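In the numbering used here, the protein residues as written are 20 to 104.
For every residue, glycine included, the Cβ atom is placed at its ideal position computed from N, Cα and C.
In this text, all values refer to a predicted model and were calculated from it rather than measured experimentally.
Laid out in structure tokens, this is it:
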């Protein structure tokens with residue numbers, strides 16, 4: 020069990036977290052508020068980065084935000100391999 024919650028908020032307001040019970044706009048968006056529409060779990064952030072890198076147009080800002088968030092988790096030792104669903 021971890022004692023602290025880990026999350027990263029980009030300057031544009033994207034919040035990436037590693038908490039299974041927090042909302043994620045991609046994998047469990049039901050019941051999220053407008054503010055939580057910018058919440059992504061760590062695994063979905065990784066998937067989104069891969070998709071954006073594959074050539075989805077207009078994704079440069081998203082790539083930058085997600086890259087910063089994933090770097091934060093890497094530095095803090097939170098590397099997940101299983102999706103939180």
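Q: Below 7 Å CB to CB, which residues in the same chain sit around residue 28 once its five sequence neighbours on both sides are set aside?
A: In the chain shown, residue 28 corresponds to position 9, counting from 1. So the qualifying residues of the chain are 34.
Q. Can you check whether the CB of residue 44 is closer than 8 Å to the CB of residue 59?
A. To locate residue 59, count along the chain shown from 1; it is residue 40. To locate residue 44, count along the chain shown from 1; it is residue 25. Taking 8 Å as the Cβ cut-off, residue 59 and residue 44 qualify as a contacting pair.
**Q.** One or two residues paired with residue 59 in a DSSP bridge
**A.** If you number the chain shown from 1, residue 59 lands on position 40. By DSSP's assignment, residue 59 forms a beta bridge with 35.
Q) Taking the continuous alpha helix (DSSP H) assigned at residue 49, which residues delimit it? A) For the purposes of this step, residue 49 is taken as residue 30 along the chain shown, with counting starting at 1. Secondary structure note for residue 49: it is in no alpha helix (DSSP H), with a DSSP letter that is neither H nor E.
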